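The block underneath contains the structure these notes are about, expressed in structure tokens.
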Amino acid sequence: MTFSYKQYQQSSAYIREKIGSFIPKVAMVLGSGLGFLGDMVQDAVAISYNEIPHFKASTAPGHKGQLVFGTLEGQPVAVMQGRMHHYEGYSYDEVSYGVRVLRLLGCDTLVVTNAAGCARREWMAGDLMLITDQIKLFSPSPLRGENLCQFGPRFPDASHLYTPRLQQVARDVAAEQGTLLREGVYFYCYGPQYETPAEVRAAQLLGGDAVGMSTAPEVVVAAHCGMEVLGFTLLSNMAAGLQEHPLSEEEVLEAAASARDKFSELVLGCLSRL
Numbered sequence: 000m001t002f003s004y005k006q007y008q009q010s011s012a013y014i015r016e017k018i019g020s021f022i023p024k025v026a027m028v029l030g031s032g033l034g035f036l037g038d039m040v041q042d043a044v045a046i047s048y049n050e051i052p053h054f055k056a057s058t059a060p061g062h063k064g065q066l067v068f069g070t071l072e073g074q075p076v077a078v079m080q081g082r083m084h085h086y087e088g089y090s091y092d093e094v095s096y097g098v099r100v101l102r103l104l105g106c107d108t109l110v111v112t113n114a115a116g117c118a119r120r121e122w123m124a125g126d127l128m129l130i131t132d133q134i135k136l137f138s139p140s141p142l143r144g145e146n147l148c149q150f151g152p153r154f155p156d157a158s159h160l161y162t163p164r165l166q167q168v169a170r171d172v173a174a175e176q177g178t179l180l181r182e183g184v185y186f187y188c189y190g191p192q193y194e195t196p197a198e199v200r201a202a203q204l205l206g207g208d209a210v211g212m213s214t215a216p217e218v219v220v221a222a223h224c225g226m227e228v229l230g231f232t233l234l235s236n237m238a239a240g241l242q243e244h245p246l247s248e249e250e251v252l253e254a255a256a257s258a259r260d261k262f263s264e265l266v267l268g269c270l271s272r273l
């Protein structure tokens, strides 16, 4: 473990000085091109990652790199507009550092979003997917090293990283809104190169429905420290081997912009019921 419990406390103490008595209950980690939800927070207090002790900068396109505290759909939230990725050169405990800090500040629920490649031929780019589980087999755990028992046990259960109760909330909201909501397994890959067609076929064989470069480390850490988790994927493009043209970050950001209305309506609808 790279960080000590004291360092997490130092980060949370710095933030506490900025937000006063405000106690966030829902943490939100917003992925590529999806950070616009942070701009909708009311009575917002924004803090740059660069200001917070021990935080790392977010360098990925479409990531603002700041924490926003305030209310959204009546919920006291802490929104991470942008996340850190392993491909940026960060360790997995650096990638997931913010989740533990927000837990110390009072968050007991984590909502994660990402943009990822669609590995299902019968689905379409632009669809939204409820994450029901994840596959992260071939990389170290963010819990590797000394266990910080203040957050959770040495060997945490991973049967339900994504909380079944919250998944049902998402299904109900999507049905009421008339939104097509796919359900599937998120297959984590390192990046930053997009997956090869052979890797996508391997993901399909192992049960992956979407392939992406984020989310899985943060969710492992959130579950370890007792948080409930709700996850959504914007299927921004068909994965390698399922479309003819080369993949690009511009395509991902354009897809996020196109899905803005239906995505925000779904997430906000879920927030109102948490």
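The letter at position 28 of the sequence shown is residue 27 when you use numbering that gives the first Met the number 0, and the numbering goes up by one with no holes. Ideal Cβ positions, reconstructed from N, Cα and C, are used throughout, including at glycine. No experiment lies behind these values; they were computed from the predicted model shown.
Helix, strand or coil for Leu246 per DSSP? coil
Distance between beta carbons of Gly34 and Gly81, contact taken as under 8 Å: 6 Å
Only counting the same chain, and skipping five residues up and downstream in sequence, which positions put a Cβ closer than 6 Å to that of Gly151? His223 and Cys224
Please classify Asn146: does DSSP put it in a helix, a strand, or coil? coil
With 16 other CB atoms within 10 Å as the buried threshold, where does Met123 fall? exposed
What number of angstroms, rounded off, separates the C-alpha of Ser271 from the C-alpha of Val172? 10 Å
Can you list, in chain order, the residues of its chain whose CB lies under 6 Å from that of Pro141, leaving out five sequence neighbours each side? Tyr91, Asp92, Ser95, Pro216, Val219 and Val220
Taking C-alpha atoms, which residue in Leu229, Val40 and Gly73 lies nearest to Thr131? Leu229
Let me check understanding here. Comparing Cα to Cα, which of Ala169, Ser213, Met27 and Ala238 lies closest to Gln203? Ala238
Which residues in the same chain as Ile22 place their Cβ atom closer than 8 Å to its Cβ, once the five residues preceding and following it in sequence are excluded? Pro75, Leu104 and Gly105
Roughly how many angstroms separate the alpha carbons of Asp156 and Val98, rounded to a whole number? 18 Å
Could you say which of Val28, Lys135, Ala209 and Lys55 lies nearest to Arg102 if we only look at CA atoms? Val28
Taking its Cβ as the centre, do 16 or more other Cβ atoms sit within 10 Å of Ser247, making it buried, or is it exposed? exposed
Less than 8 Å separating the beta-carbons of Gly240 and Tyr86? no
Contacts around Leu267, its chain only, beta-carbon distance under 6 Å, and the 5 residues preceding and following it disregarded: Glu72
Could you spell out where the beta strand (DSSP E) holding Ala157 opens and where it closes? Note, Ala157: premise wrong, no beta strand (DSSP E); not H, not E.
Ignore the nearest five residues each way along the sequence and tell me which others in Asn49's own chain have a CB closer than 7 Å to its CB. Ala56
Could you tell me which residues DSSP puts in a beta bridge with Phe186? Ile134 and Val210
Euclidean distance between Cα positions of Leu66 and Asn236: 28 Å
For Ile18, I'd like the list of residues in its chain whose CB is within less than 6 Å of its CB, leaving aside the five on either flank, ordered along the chain. Val44 and Phe68
Rounded to whole angstroms, what's the CA-CA distance from Phe2 to Thr214? Just pull it up for me. 20 Å
Mapping DSSP to helix, strand and coil, what is Ile51? coil
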